[in-house]
Every structure is written in C-alpha cells, then in structure tokens.
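Here this note's numbering runs 2 ahead of the position in the sequence shown, where the first position is 1. So the structure is just underneath, and the comments pick up after that.
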Amino acid sequence: MFDMIRQAQAFKEKMSQFQEELEKQSFTGTAGNGAVTVVLNGKHAVQKVSLKPEALKDGEKLEALIQEAVNDAGRQVNVRLKEQVSKMTGGMGLPGLF
3 MFDMIRQAQA FKEKMSQFQE ELEKQSFTGT AGNGAVTVVL NGKHAVQKVS LKPEALKDGE
63 KLEALIQEAV NDAGRQVNVR LKEQVSKMTG GMGLPGLF
C-alpha cells in the first residue's frame, strides 16, 4: 500500500516537472502553405500569430486558416503530452486522460 502511495507521489512530481517544461516549449502550427503561422506554448496559450499578405485578402478564409493553424499546434502539444505520460506510466496510460 505504501509503495503505491510513493509511486503516485513520484508520478505526481514527475508530471508537475514535465508540465513546467512543457509550458516553456513552443509548438508551431501552420495553414495555407505557411500563409498563417501560430505558436503555442505547452499550455495551449497563443504566443505569436504571423500572417502573410496573401492571407489577408479573404476574411472568411483567414478565420479558417487561423483556426486550422491553432488546431495544428494544439495537436502537437497533445502528442507531446501523450508521449510523456506514456513514457512515465510505462505505456499503461491513464483512463480518461486521452
């Protein structure tokens, strides 16, 4: 029983450290052949948005491209998170997390 508690505490500490590291990382999503670029940190907070002039010609298309770029970067954050959790849990994963 105490071993399980220790393991849970160790996992919690590792996960906390990883979350701090992840927040410092940047994940770049692009759309429209690079017309829109969005950079997120590991907490999915937008750090930067870059728009090329050709992206500004059509407002509706621009909105769709921004959404696509944000989603692309967000997927990258989630992949990195899932990889790290899998590594820390020996591939078992955690129910409900992914």
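Don't be surprised by glycine CBs; every beta carbon is placed ideally from N, CA and C.
Bridge partners of PHE29 according to DSSP: LEU42.
Within the DSSP secondary-structure output, SER88 pairs in no beta bridge. The beta carbon of GLU70 sits closer than 6 angstroms to the beta carbons of ALA33 from its chain, once the five residues preceding and following it are set aside; these are given in chain order. By the Cβ rule, the stretch 24-33 counts as touching the stretch 65-79, because three or more pairs are nearer than 8 angstroms. Within the same chain, Cβ atoms closer than 7 angstroms to the Cβ of HIS46 are found at GLY76 and VAL79, the five residues on either side in sequence being excluded. Relative to the Cα of VAL51, the nearest Cα in the group GLU62, THR39, ASP60 and ASN43 belongs to THR39. The beta carbon of PHE13 sits closer than 8 angstroms to the beta carbons of MET90 and THR91 from its chain, once the five residues preceding and following it are set aside; these are given in chain order. A Cβ-Cβ separation of about 5 angstroms places GLU25 in contact with GLY44 under the 8 angstroms criterion. Secondary structure at LYS54: coil, using DSSP grouped into helix, strand and coil.
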